[in-house]
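First to last, the sequence lines map onto chains A and U.
Sequential numbering from -4 applies to the first sequence in my numbering.
Sequential numbering from 15 applies to the second sequence in my numbering.
Encoded as structure tokens, the structure appears first; notes follow it.
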Amino acid sequence: MSGAAYGFFGRYLEIDLTAGAVRVRPLDSALVADYIGGRGLATRLFCDEADPAGDPLGPENVIVIAVSPLVGTNAPTSARGHMVFKSPLTGLIGTSNSGGGWGFSFKAAGYDALVIKGRSPEPVWVDITPAEVKILPADKLWGRDIHETTAELTAGFAAADRPRVLCIGPAGENLVRFADVANDKNRVYGRGGPGAVWGSKNLKAVRVAGREKIQIHDPEKYKSGYDQAMYLIRQAPVTKRILRELGTAGLVELINVIDMLPHRNFQDCTHREEDLERISGETIARTILERAAGCYLCPIGCQRHTRISRDGSPDETGEGPEYETVVLMGPACDIYDLAAITTANYRCNELGLDTISFGGTVACAMELFEAGLLPKEAAGGLHLRFGNAAVLEKLAIETAHRRGFGDLLAEGSFRLGAKYGRSDLSMSVKRLEIPAYDPRASFTQALGFMTSPSGACHLRGGYAVSLAFFGGNKEIPRFSLLQSPIAIRNMQNTGILQDSLGICRFTGYAFGSDPWSRMLSGVTGMDFSVARLEEIENRVAALERLFNLAAGAGPSDDVLPPRFADSAVVVAGEKRMVTREAQERMRRDYYRVRGWDEEGRPTAALLSSLRLAPIGRRPA
Amino acid sequence: MTGCCGKKMTVRVRFFAYFRDLFGGKEKIFDLDMGTKAGELLDLLGDSPARRDELSRPNLIVMINGADLASRGGPAAELREGDTVAIFPLMGGG
Chain A
-4 MSGAAYGFFG
6 RYLEIDLTAG
16 AVRVRPLDSA
26 LVADYIGGRG
36 LATRLFCDEA
46 DPAGDPLGPE
56 NVIVIAVSPL
66 VGTNAPTSAR
76 GHMVFKSPLT
86 GLIGTSNSGG
96 GWGFSFKAAG
106 YDALVIKGRS
116 PEPVWVDITP
126 AEVKILPADK
136 LWGRDIHETT
146 AELTAGFAAA
156 DRPRVLCIGP
166 AGENLVRFAD
176 VANDKNRVYG
186 RGGPGAVWGS
196 KNLKAVRVAG
206 REKIQIHDPE
216 KYKSGYDQAM
226 YLIRQAPVTK
236 RILRELGTAG
246 LVELINVIDM
256 LPHRNFQDCT
266 HREEDLERIS
276 GETIARTILE
286 RAAGCYLCPI
296 GCQRHTRISR
306 DGSPDETGEG
316 PEYETVVLMG
326 PACDIYDLAA
336 ITTANYRCNE
346 LGLDTISFGG
356 TVACAMELFE
366 AGLLPKEAAG
376 GLHLRFGNAA
386 VLEKLAIETA
396 HRRGFGDLLA
406 EGSFRLGAKY
416 GRSDLSMSVK
426 RLEIPAYDPR
436 ASFTQALGFM
446 TSPSGACHLR
456 GGYAVSLAFF
466 GGNKEIPRFS
476 LLQSPIAIRN
486 MQNTGILQDS
496 LGICRFTGYA
506 FGSDPWSRML
516 SGVTGMDFSV
526 ARLEEIENRV
536 AALERLFNLA
546 AGAGPSDDVL
556 PPRFADSAVV
566 VAGEKRMVTR
576 EAQERMRRDY
586 YRVRGWDEEG
596 RPTAALLSSL
606 RLAPIGRRPA
Chain U
15 MTGCCGKKMT
25 VRVRFFAYFR
35 DLFGGKEKIF
45 DLDMGTKAGE
55 LLDLLGDSPA
65 RRDELSRPNL
75 IVMINGADLA
85 SRGGPAAELR
95 EGDTVAIFPL
105 MGGG
């Protein structure tokens, strides 16, 4: 490596699975200056390689995983990685972030990013160490679940030398469109179906290990940001104790209080308090929680390590459920059975299914069933009525293996609804299932779902209603058409920065950009002032938009499902919906604050200021 | 309490997260004078230094029947018979 690189190694790996070839390529420091790492860098490398018109499950799709210059330091929550791919669920950019230790170990192998292309003729896994990169047969791993695969590939190592494994389960192998990719067994790149892209390439796992260390340019500057960050994390109640005590499911009762908790495939937001108490964060903590834990380098600790005891069955242990899982597999299906939700969550973790899309797809199936559109025979003889908790675990297994009705569920809610002539019953944006916040209860939330580049995501515009609570003197009223576009632009930009830094959303409850600016500048020796970080956020947002435009997206994709414009829910005593006119106005204003034209295209002036060029279809 | 005519009303107060430990339960029912304001209820709840500290945090969230306090006019908002007031610290997740 060059002796001048601080915070990064100046090289990335490119693996062509078709040719079985590995290349080490130089990483220009200008890319770090313009995109940092993580989501920013991965998006840049992806857009340079991928064909926007290509088949997401064809060999032409490209997977890029990147880490940030902070990965390798002790910055709080900084071990995260980011994966970019063309999504088989949305047909647009797929962008997914995960905690866990894989990102840290990958960086310690001496690389800043990993680019995977082509398709192996046979199942393979990849072993990456500083000494060599090997592509190895995976025929004995194929068919095994995520926990088994991880155990197999980490067996026989002493704890200090134990490698980390990123892998898919049967769901990815079977090209389930919402299959995930997992590291540390239960930390997942969850949304948009990256597991199916891995499966389409016959790629089972990537194991990493190493002890390479980055150089830090200005340790004192870095430490000043670090000290401030740690102090603030220990001061803010959310990061100091609430997430550790209650997990993310602490939100269940809160989101209900503000009339936003989905019910019966988003048909209403009405629940009985005693039902919600059965699945709340408090109940999880009191009844099934064995211990809370954090991802690598995380002092916050929202992970739920749980145990389920059921009569007649041996105890089961695993991780979860988190808030989104509780609600999508729970009230969204009219289910309030914590054991059933948790057990199905365990199966999703093992088999490699995104719990949000799985729950949203089951909820859609239940509505189709109750409407008489989905015959019982087509549903494998199951009574898919709302509230039937007994089907959850079985459906997770069938979906991951594409068996019976599971083959249809594996396509996601949009394609399932379309098969029965009712794609409008898919509660999705850009075909990605909506997380656990009803958009009618907050215009800001609605716009967040509408404009996320990867579809309705809990990490890209999810929980936007929180802006109404903790904005301090910048609080955004929940129903402000005027303020929502700027609020969502800012919230999305914060997410881009966090994903590019490789750090967790939840640090945002304790502090903003300033400590990160000092840590990143201290590590790299580059100018990452807050103003420069904002420029980078806008650059990445524009680049993601350019890819989506080249992939065929336009304003008509930046909309909510018709249900939210046509039928009201009662919020704080008033009937609320998000009319098409309200959606159009917010979308138009959002494009303006982004510097995009009325068709949502970044203007030439914006592209020039961000030093970006439009993306066209790549020559075959 | 500012009162009028000696009439009383019932207001339900719900607590969330660690406020349940702080206030000794999930909820309390208060019989308040008609016309009692939200700010006066918060004063009533802040009956110890620890409770006052928490109720003074800038990120305290107070909802009345699902609507945030600011949209009801802030601490000067008059409570009504049957209101449910939810009080919680800033909570994260998602």
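Note that the Cβ used here is the ideal one computed from N, Cα and C, for glycine as well.
Taking the Cα positions, residue 347 of chain A is about 25 Å away from residue 362 of chain A. Closest by C-alpha distance to residue 59 of chain A, out of A:81, A:277 and A:536, is A:81.
The C-beta of residue 254 of chain A comes closer than 8 Å to at least one C-beta of chain U.
Within chain U, no C-beta atom comes nearer than 9 Å to that of residue 341 of chain A; the closest sits roughly 20 Å away. Assignment of residue 184 of chain A by DSSP, reduced to helix, strand and coil, places it in the strand class. Non-local beta-carbon contacts of residue 199 of chain A in its own chain, meaning distances under 8 Å to residues more than five positions away in sequence, involve 118, 119, 120, 133, 136, 137, 144, 162, 163, 168 and 193 in chain order. Residues of chain U whose Cβ lies closer than 9 Å to the Cβ of residue 566 of chain A are, in chain order, 80 and 81. Annotated as proximal: residue 355 of chain A and residue 408 of chain A, with beta-carbon spacing under 8 Å.
The C-alpha of residue 599 of chain A is placed about 13 Å away from the C-alpha of residue 593 of chain A. The Cβ atoms of residue 448 of chain A and residue 40 of chain A do not sit closer than 8 Å to each other. A direct Cα-Cα distance of roughly 6 Å separates residue 79 of chain A from residue 37 of chain A.
The C-alpha of residue 273 of chain A is placed about 11 Å away from the C-alpha of residue 281 of chain A. Residues of the segment 484 to 513 of chain A that bring their beta carbon within less than 7 Å of a beta carbon in chain U comprise 501 and 504, in sequence order. Between residue 299 of chain A and residue 314 of chain A, the gap from beta carbon to beta carbon is short of 8 Å. Residue 245 of chain A has a beta carbon lying within less than 8 Å of a beta carbon in chain U. Straight across, the Cα-Cα distance linking residue 40 of chain U with residue 206 of chain A is about 50 Å. Under the three-state reduction of DSSP, residue 474 of chain A is assigned to coil, being neither helix nor strand.
By the Cβ neighbour-count rule, residue 106 of chain U is buried, with 16 or more other Cβ atoms within 10 Å of its own. The residues 52 and 53, in chain order, have a CB closer than 8 Å to that of residue 88 of chain U in the same chain once the five nearest residues on each side in sequence are set aside. Contacts with chain A at 8 Å (Cβ-Cβ) do not include residue 64 of chain U. Spatial neighbours of residue 437 of chain A in its own chain (CB-CB distance under 6 Å, excluding positions within 5 residues in sequence) are listed in chain order as 460 and 473.
According to DSSP, residue pairing for residue 511 of chain A in a beta bridge does not occur. For residue 595 of chain A, the CB contacts under 6 Å within the same chain, skipping 5 residues up- and downstream, are 550 and 586 in chain order. A Cβ of chain U is located within less than 8 Å of the beta carbon of residue 238 of chain A.
CA-to-CA, the gap between residue 93 of chain A and residue 175 of chain A works out to about 11 Å.
Residues 52 of the same chain have their beta carbon placed closer than 6 Å to that of residue 91 of chain U, with the five preceding and five following residues left out of the count.
Under DSSP, residue 7 of chain A shares a beta bridge with A:20.
Going by beta carbons, residue 64 of chain A and residue 98 of chain A fall outside the 8 Å limit. Taking C-alpha positions only, residue 515 of chain A is separated from residue 28 of chain A by approximately 11 Å.
Legend: CB atoms of the segment 27 to 49 of chain U lying less than 9 Å from CB atoms of chain A belong to residues 28, 30, 31, 32, 34 and 40. Counting along the chain, the unbroken beta strand (DSSP E) around residue 121 of chain A starts and ends at 119 to 123.
Contacts between residue 105 of chain U and chain A, judged by CB atoms closer than 7 Å, involve 233, 237, 245, 246 and 249 in chain order. Here residue 209 of chain A has 2 and 67 as same chain residues with Cβ atoms under 6 Å from its own Cβ, once five neighbours each way along the sequence are excluded. Close partners of residue 463 of chain A in chain U (Cβ separation under 8 Å): 82. Between residue 88 of chain U and chain A, the shortest Cβ-Cβ separation is not below 8 Å. Only those residues of the segment 65 to 94 of chain A whose C-beta falls short of 9 Å from the nearest C-beta of chain U would be listed, and there are none.
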